[in-house]
Structure formats: structure tokens, C-alpha cells
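Below is one structure, written out as C-alpha cells, with a few remarks after it.
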Amino acid sequence: MRNILLFGIIITTFASNADELAKDNKYRAKTALKVSSDGTNFNLNVGAQSKFIILDNNNKDKYAIKFTNIYPYNVIKSTRTKNDYKSESASDVIEDEVYYLSKTEVNGVPIESKVEQSFGGVVSGPLIVPFKYRLDDKSIGGDATVGYYAGYGLDVLISDQYITVTPFLSAGITQVSVLSEADDGTTTTDSKSGFSWAAGFLISNWDSVNIGIVYGQDRTGDQRWAHEGEGWLSISVGWEL
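Numbering (the numbering used here), first residue to last: 130 to 370.
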């Protein structure tokens, strides 16, 4: 039988670029930025791909931010390696200091359009797996699992752009159908609740689509169920909400 990997869906709460950057959220600069150390003179250069946290967004004119990763700003080469980032001229800021990012549009472009949310670090969210490819008998299972996942996003440089790869673990509840045979030889189908655990990874920030793969097992405590404790796979696809 041809192996078929079905699509599951991992739904996480991602914040897309809005009118205002959210306090305590992490962002990455899509282009070079100008920031200020005193909130008045925005003359410090910061390179694209630099990562920062919003400390305060209450001021109508500027954000208070803190950089956690910093990259060069005067990049000339169209294609470069991770080592090239380190050898080019440094940005004018340092990590873990407070800086200010103006909310004023630059050439008609809102500053919010020049950054994107970064999903590196600890992340969590709801997990939905509506279909499963069962490894024991190579069958397609429609026993859905609803649960919650937690993972840690790692920023990975691929061809001059960063994506976030997130290994994760998840646990949830599933509903399965168990066949049982009566004394007279007739069979009945019982619906049983079970426990699911899963592990996998997501690739985020790839054209605003999040893709990954999940491996898991379902357990009901009923050994009559053919798939008790057996593994399944699901390819996951998610979108920013």
C-alpha cells in the first residue's frame, strides 16, 4: 500500500503585524532601522535581522525596546554566510540596553511594516490533529486529537534569511472507536476517550506559513483497540492568525 502522509493542523496564536507593536513581544527587523538612545535623536543604525523586545508602547511617538540579537547594518553582499554577518561593520547599539524606536512613518512606510514577530524562545499553543497516518497497519485514521503544545523556537539562518524551527511536545485528548464482540458473536462499536501525546517540530516565518511534522501515540487503556499505543504521523500546516 502506498504510504500516504495526511495533513494535520497545528493552530497557534500568532500575532501578525498590527497597527501597534505589542508590549513584551519579540520582533525582528526586516530592514535596517534607526533608533535612539535618548528618545529624541534617532541616529543609531541597526542592521536587518536584529531582534528586540518591546518594553513599552504607551508613548504615542515611540517604542521603548531592548535588543537581544544584533546584526550589521551596512550589508553590501547580496549573498553571505553567517560568518559574513560577524565580519561586516557593527550596528550602533548593544544588547540589553534600552533604546527607542520612532512610531513615525519613514517615506510613507509605517515602522510596523518594517518588522515581523519573532517566535524564537519558549512558545506554546493549542494543537489540533484531525487526521493520522497509522504506522502499524498503514491506515488513515480520522480520530481527532485536541491538545496543547509547548516548545522552544530556534532561529536558523537559511540563505540570508532567518526562520524559526520549534521542536515541541504535546498532550491531548482523542476520541476513538473500539470494536467489541458479544457472546453471541455480534460486534458493536464503542466510542472511547483516550490520551494522546505527540512530538514534532514547526518551521515558522516561511512566507507566513508554518509547516512541520508530528509523531504521536494514542492510548485508551483498552487492549482490544487495534491501535493501542501504536505510533502515527501527521504533516502539520498552520497559518498566522
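We treat Cβ as the ideally placed atom computed from N, Cα and C, and that holds for glycine.
Original post:
What first and last residue would you give for the beta strand (DSSP E) that runs through Y277?
Top reply: DSSP places Y277 inside the beta strand (DSSP E), whose first and last residues are 274-287.
**OP:** State buried or exposed for A158, treating a residue as buried only when at least 16 other CB atoms are found within 10 Å of its CB.
**Re:** buried
Original post:
Among I223, S179, A300, I182, which has the Cα closest to the Cα of V258?
Top reply: A300
**OP:** Name the one or two DSSP bridge partners that I302 has.
**Re:** Per DSSP, V275, F324.
**OP:** Locate the beta strand (DSSP E) running through G358, then write down its first and last residues.
**Re:** That residue, G358, is in no beta strand (DSSP E); it is neither H nor E in DSSP.
Original post:
Quick one: Cα of S268 to Cα of Y202, how far?
Top reply: If I take the Cα positions, the gap works out to 52 Å.
Original post:
DSSP on I342, reduced to helix/strand/coil?
Top reply: strand
Original post:
Which class does I240 belong to by DSSP, given the choice of helix, strand or coil?
Top reply: helix
Original post:
Identify the residues that DSSP records as bridge partners of I194: which are they?
Top reply: I183, Y228
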